[in-house]
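A short worksheet on the structure shown next.
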Amino acid sequence: MKRTLAVILSVFMIFALAACGNNDTPSADNTTKQPPASDTSTPESPDESTSGTEVIPTEGQTNGNILIAYFTMPESDGVDAVASASRVVKGGEVLGNTQFIAQAIQKTVGGDLFAIETVQEYPGDHDNLLDFSEREKAENVRPELSTHVEKMDDYDVIFLGYPNWWGDMPMPLYTFLEEYDLSGKKIIPFATHDGSRFSRTIRTIEDLQPNATVVKDGLTVTRNSIVDAEGDVNEWVQSLGITK
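Throughout the sequence shown, residue numbering follows mature numbering (1 follows the signal peptide of the UniProt record, and there is no 0), covering -18 to -1, 1 to 226 in sequence.
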């Protein structure tokens, strides 16, 4: 009788333990994991205005591999929203001639604007500027630049703009072209002038960057046609097969 009772009690305990085991909470390894909040948030945009660099991107632009680098020298004497030989006024803003064309290119094709600037200041008076730039050319000076492209490898196409001074590029362009290795990149020149067009500056660019592809069908705009040149810029850029 005692043995029978012991068997019955043993069977009852086995069923009770089994029931308790079915009510256990699942372990963490069996739960569905949710991604952390940072995985679904919008990443912050990097700061474009790093020290010594002035790369201005187009908002929403799609051609992030394009750089529009330019040197401009608007004469500052008498700047009162009046155009001169080297500057243009649009919407009350005074712009250098080459700067104006560079901005027109950016509107057409996107890309990043980059102003080539120097540590030294150039004369604001027209005659003094001519004399100063002539001495720089005669002495083959390489002016120190105050702005630099920190991620040049990110660009495949470089629009390169400058005024024609004394039948040549301004000397800061020599500094710029000697600072970077543009091998494998496409360089597209554009220039503002007073009748000399490119002179031999395209050949000079080829000499300074022999492993780059320099487009010979560049754009030149006379100083008297700057304000009305946006249509020509758009047509020229489209002829290159580069669009937004």
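In this text, a Cβ means the ideal position worked out from N, Cα and C, and glycines have one as well.
Residue i, DSSP secondary structure in three states
i	result
D109	helix
T202	strand
D138	coil
T90	helix
T174	strand
A211	coil
P154	helix
K167	coil
W148	coil
P54	According to the sequence provided, residue 54 is Thr. The question's Pro does not apply to it. Coil.
E132	coil
A84	helix
L222	coil
I98	coil
E161	helix
E75	strand
Closest Cα partner of residue i within the set the options
i	options	result
D109	K167, W148, H130 and A86	W148
P192	E116, A211, K168 and T90	K168
M55	T80, E75, L49 and I48	T80
R205	E188, S178, K226 and I187	S178
H175	V76, I83 and E75	I83
T100	F172, I170, D94 and F158	F158
F53	G93, G92, A97 and V91	A97
P152	L112, T129, K226 and W218	L112
Y144	T129, P171, E132 and G93	P171
E217	F180, G166 and V91	V91
D210	A86, L49 and A51	A86
Q102	L95, L127 and R117	L127
G223	I208, S207, I184 and V197	V197
residue 228	Y156, L49, T225 and I50	Lying outside -18 to 226, the shown extent of the chain, residue 228 is not represented and no answer is given.
Alpha-carbon to alpha-carbon, residue j and residue i
i	j	result
R182	D150	7 Å
L164	S221	23 Å
P154	G213	29 Å
Q88	P125	27 Å
N47	K119	32 Å
T195	D136	16 Å
S115	L77	20 Å
N122	D199	27 Å
L201	A173	6 Å
H130	E161	9 Å
N146	F180	7 Å
A51	R117	24 Å
I187	L49	16 Å
G106	S207	22 Å
V203	E75	20 Å
V139	K133	13 Å
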